Amino acid sequence: MSNPQTEEDKEARRCVNDYLNHYELVSIGILSGLLDEAVYRKWMRGPFVRDWNAAADWVQRERWKLQPDGTWQYYGQTFMNYEVMARRWSADAIALDENSGGPPSPEEAGGPSDEPIPAARDGEAREGAAEATPGVDDEASKGAAS
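Below, the structure is given as structure tokens:
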């Protein structure tokens, strides 16, 4: 679904990204201290981690972006906060990094998920909550903050 051709597939893709963006936003809220982690974990830990594991292949594909020069670049920031929380809450949560699966084949290129990520403004670092998140091992931080 990285390159949906039908309206039905385009809508399905939007729905998957909306669902994952919800979890990403919740994760950002927790990592920022705006949402209560203990309450959300008690309420949603099982589905939260289950859904992360179910979406791991999707997220991995979304993290690979086709560059203007035709090469692929891995953006570990995509759904990074969701991964950090899932891994914090369960040892069974799937860890992703650029070694979890290489870039897509050339035949798979061309969909909306392949557009390069815009560069940060001058002096503005691309940061993620995972870089300074207690309770997440170094490997998770490296993979999530790449």
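Here the sequence shown is numbered in the numbering used here, starting from -7 and rising by one per residue.
Don't be surprised by glycine CBs; every beta carbon is placed ideally from N, CA and C.
This one's a predicted model, so the numbers in the text were calculated from it and none came from an experiment.
When C-alpha distances from E75 are compared across T(-2), Q(-3) and D43, the shortest belongs to D43. Setting aside the 5 residues that flank it on each side, N45 is surrounded in the same chain by A78, D84, A85 and I86, each with a C-beta closer than 8 Å to its C-beta; the list follows chain order. Rounded to the nearest whole angstrom, the CA to CA distance from A30 to T(-2) is 41 Å. Excluding the 5 residues flanking it on each side, W50 has same chain C-beta neighbours closer than 7 Å at V8, in chain order.
The beta carbon of R37 is closer than 6 Å to those of W81 in its chain, skipping five residues each way along the sequence. In the structure shown, the three-state DSSP call for Y67 is coil. Contact annotation, Q52 with S92: C-beta distance approximately 6 Å; criterion of less than 8 Å satisfied. Residue G94 holds the alpha-carbon nearest to the alpha-carbon of K57 among E16, R5, G94 and P39.
Boundaries of the alpha helix (DSSP H) around L12: E(-1) to L23.
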